[in-house]
Every structure is written in C-alpha cells, then in structure tokens.
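Worksheet: the structure to be examined is printed underneath.
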C-alpha cells in the first residue's frame, strides 16, 4: 500500500490516517471516497484465490464467456498477451479480456503462491484481476474465476459497493444490482 499525502490536510491528519491504515485490515475501514479525500492510494485489484489452475486458454475463455452470457453481457474476447514469450502457459503473461466498449477491458495474471497470501490452505493459485476501465466488467471476470475455481473474491480496489469480500453468489447479486437491465447497449 502506498500513501500519498494530501497537501490540503495537515501533516498530523495524514499521520493519523497512516497509523489507522497500518492498524486496520484491508482498506483500513475507509470508504473509497474517504481514502480518496485522504490522498491514500489503495490496491487496484480484485483477487480470486483458486483451488486449481485453469487447464488452458480454451477452458478459461469458455468459463469467462459463460459468465458474461449468464449475467446478460455480450461475450468478450479472451487472449494471452505472451509478452514476447513462445509459451502459451497461463502463468507466462497477462490474460487480456476485452469487451465491446472502450472501458470494457481488464487483464488477469495467474500465479502460484503460498496459501498464507490467499487466506485458504487449499488455494495456492492467485488470480489478480485489474482494470483501468469498468470495474463492473472486471467484476464479471472475477465472478467467472470464483464460480469455476474459487470460493471468495477479495475486493482490494474497494470498488463496486465497497465490500471487502464476496462469494460468487453475492458478487453476482452486486453485478446484477449495478446493471439489472444490461443486455449490452
């Protein structure tokens, strides 16, 4: 977590915010708008600890496209950005997911990690969903990963409705509530 001082706040207020963030769990208990007002830069990811690695890009694409269709969105394109590598392993590059609209895009990195980072002894795969566009679009991707391979979604970005964690079903409800009539415009 990186703190960026807000010049409009006295140094002591920034110091208090910094101490609170160190003492409190993920997000420091501050809403997204409060973090913004304090000048605090938070993680910009939605994490999904997974029980297993997707088999290949075809399985991954199928799972993602099914989730988009299930929630009433047009299916996106799913591809691996190999970053100049020859391999097509899902862990060797970013998985790029791009929708029909400019802001409908995100990327996923998948890697093995110690279960202490996932919070689940059975989950040693971490799927990191990031976007500079629509968090709703990224949430559908996180929903797909959670429904197929995980149990929990961690909303480190603090976006959507601000909850810190979701099950697949609770995230589905948030997505449908945020855009109940979406059949893509």
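Numbering (our numbering), first residue to last: 4 to 188. Cβ coordinates follow ideal geometry from the N, Cα and C atoms, glycine included.
Is the stretch 68–85 touching the stretch 115–126 in the sense that three or more CB pairs, one from each, lie closer than 8 Å?
Taking 8 Å as the limit for Cβ pairs, the verdict is that the stretch 68–85 does not touch the stretch 115–126.
In three-state terms, what does DSSP make of residue 57?
DSSP, reduced to helix, strand and coil, places residue 57 outside both helices and strands of the structure shown, so it counts as coil.
Taking 6 Å as the limit between beta carbons, can you name the residues of its chain near residue 169, skipping five residues before and five after?
Closer than 6 Å at Cβ, skipping near neighbours: 156.
Distance check for residue 100 and residue 136, CA to CA, integer angstroms please.
In this structure, the alpha-carbon of residue 136 lies about 11 Å from that of residue 100.
For the beta strand (DSSP E) containing residue 101, list its first residue and its last residue.
Start and end: 97–101.
Can you give the Cα-Cα distance for residue 91 and residue 98, rounded to whole angstroms?
Roughly 10 Å between the two C-alpha positions.
Runs of beta strand (DSSP E) lying entirely within the stretch 102–146, each at least 3 residues, in chain order:
Segments of the beta strand (DSSP E) lying fully in the stretch 102–146: 108–115, 128–133.
Inter-residue spacing [alpha-carbon to alpha-carbon] between residue 180 and residue 51:
Whole-angstrom Cα-Cα distance: 21 Å.
Determine which residues share a DSSP beta bridge with residue 165 and list them.
Paired residue(s): none; residue 165 is not in a bridge.
Quick one: Cα of residue 160 to Cα of residue 143, how far?
Rounded to the nearest angstrom, the two C-alpha atoms are 15 Å apart.
Residue environment, residue 24, which counts as buried when at least 16 other CB atoms sit within 10 Å
In this prediction, residue 24 has a pLDDT of 46, which is less than 50 and means its spatial position is unreliable; what the coordinates show is noted afterwards. Buried.
Inter-residue Cα distance where the pair is residue 125 and residue 58:
Distance between the alpha carbons of residue 125 and residue 58 is about 18 Å.
Determine whether the beta carbon atoms of residue 150 and residue 70 lie at a separation below 8 Å.
Cβ atoms of residue 150 and residue 70: closer than 8 Å.
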